[in-house]
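Engineer: So that we are looking at the same thing, I have put the structure below in structure tokens.
Numbering (the UniProt record's numbering), first residue to last: 1 to 209.
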């Protein structure tokens, strides 16, 4: 596991170097977090989500967002969570048995999709085919219900990780999660860097024209 974490840290260093090569002015604004962890607290806060948060922060040296860790009493949920989602680099969506019963979980997922964030699904004690808003007593507004189901459908067909909290190997899970996070983060930063170079090049051509 130690070797795999070291490999992930090497990728992390590449990401940081790539970010520093952006135009200096671009680095003055620091996003609220690198990775947004979308989860159902009653299912995963004390195990998968909490462990992943600590691992990302302490072992990978990145800035994850987890509501119980990044928010304090008095904070308004949407005022803190929505900006964190819009400005994060990637998202990790931890799907669990009671995930689809939560308006907030589904709102976060749909907002990540609307914001075109790259998402890593983690199917924890649940199969992708089981993800659906089934309980009619939840009384979600129709417009939200449509968005939620579309977001769930997209997540179902995104390659992710699976984990059984009773039988799974936690060390192996953290290694796989680390690799997935770092690879996706690198892709996002690389694309941002390439787009920035293209923009600067266009500006130079316009200036010289």
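Glycine is no exception: its CB is placed at the ideal position from the N, C-alpha and C atoms.
Keep in mind that this is a model prediction, so the values were computed, not measured.
#1: What would DSSP say about residue 23, mapped onto helix, strand or coil?
#2: Report the CB separation of residue 133 from residue 94 in whole angstroms; it is logged as a contact under 8 Å.
#3: Under the rule that 16 or more other beta-carbon atoms within 10 Å means buried, what is residue 28, buried or exposed?
#4: Residue ranges of each alpha helix (DSSP H) run of no fewer than 4 residues wholly in the UniProt domain "TIR" (31-156), ordered along the chain?
#5: Confirm, please, whether the CB-CB distance from residue 56 to residue 35 is below 7 Å.
#6: Are residue 102 and residue 40 touching if we call contact CB-CB under 7 Å?
#7: Taking the alpha carbon of residue 164 as the point to measure from, which residue in 155, 200, 174, 158 has its own alpha carbon closest?
#8: Below 8 Å, can you find three or more Cβ-Cβ pairs linking the stretch 99-115 to the stretch 138-148?
#9: Residue 118 and residue 188 - do their beta-carbons sit closer together than 7 Å?
#10: Short check: CB of residue 126 to CB of residue 171, under 7 Å?
#11: Can you tell me whether residue 148 is buried or exposed? The criterion is at least 16 other CB atoms within 10 Å of its CB, across all chains shown.
#12: Give me the Cα-Cα distance between residue 67 and residue 85, rounded to the nearest whole angstrom.
#13: Quick one: grab the DSSP three-state call for residue 174.
#14: If you draw a straight line from the alpha carbon of residue 50 to that of residue 70, how long is it in whole angstroms?
#15: When you compare the CB positions of residue 152 and residue 176, do they come within less than 7 Å of one another, or not?
Structural biologist: Let me spell this out:
#1: On the chain shown, residue 23 is found 23 positions in, with the first residue counted as 1. The predicted position of residue 23 is uncertain, since its pLDDT is 46 and thus under 50; a value taken from the coordinates is nonetheless stated next. Coil.
#2: As a first step, residue 133 must be located in the chain shown, where it is residue number 133. As a first step, residue 94 must be located in the chain shown, where it is residue number 94. Going by Cβ atoms, the distance from residue 133 to residue 94 rounds to 17 Å, so no, they are not a contact pair.
#3: Start at 1 with the first residue of the chain shown, and residue 28 comes out as number 28. Reliability of the predicted coordinates at residue 28 is poor, the pLDDT of 49 falling under 50, and no value is obtained from them.
#4: 41-44, 48-58, 67-70, 77-87, 103-114, 142-156
#5: Translated into the one-based positions of the chain shown, residue 35 becomes position 35. Translated into the one-based positions of the chain shown, residue 56 becomes position 56. Yes. Within cutoff.
#6: Here the question's residue 102 lines up with position 102 in the chain shown. Here the question's residue 40 lines up with position 40 in the chain shown. Result yes, Cβ atoms of residue 102 and residue 40 sit closer than 7 Å.
#7: The residue labelled residue 164 in the question sits at position 164 within the chain shown. The residue with the shortest Cα to Cα distance from residue 164 is 174.
#8: yes
#9: Within the chain shown, numbered from 1, the residue matching residue 188 stands at position 188. Within the chain shown, numbered from 1, the residue matching residue 118 stands at position 118. It is a contact, given that the beta carbons lie within the stated cut-off.
#10: As a working note, residue 126 is residue 126 in the chain shown. As a working note, residue 171 is residue 171 in the chain shown. No, the pair does not count as a contact, with Cβ atoms beyond the cut-off.
#11: In the chain shown, the residue the question calls residue 148 occupies position 148. Buried, because 16 or more other Cβ atoms sit within 10 Å of the Cβ of residue 148.
#12: By 1-based counting over the chain shown, the position of residue 67 is 67. By 1-based counting over the chain shown, the position of residue 85 is 85. Taking the straight line from one Cα to the other gives about 11 Å.
#13: Counted from its first residue, the chain shown places residue 174 at position 174. If DSSP states are grouped into helix, strand and coil, residue 174 belongs with the helices.
#14: The sequence position of residue 50 within the chain shown is 50, counting from 1. The sequence position of residue 70 within the chain shown is 70, counting from 1. Answer to the nearest angstrom: the Cα atoms are 12 Å apart.
#15: The residue you call residue 152 lines up with position 152 of the chain shown. The residue you call residue 176 lines up with position 176 of the chain shown. Cβ atoms of residue 152 and residue 176: not closer than 7 Å.
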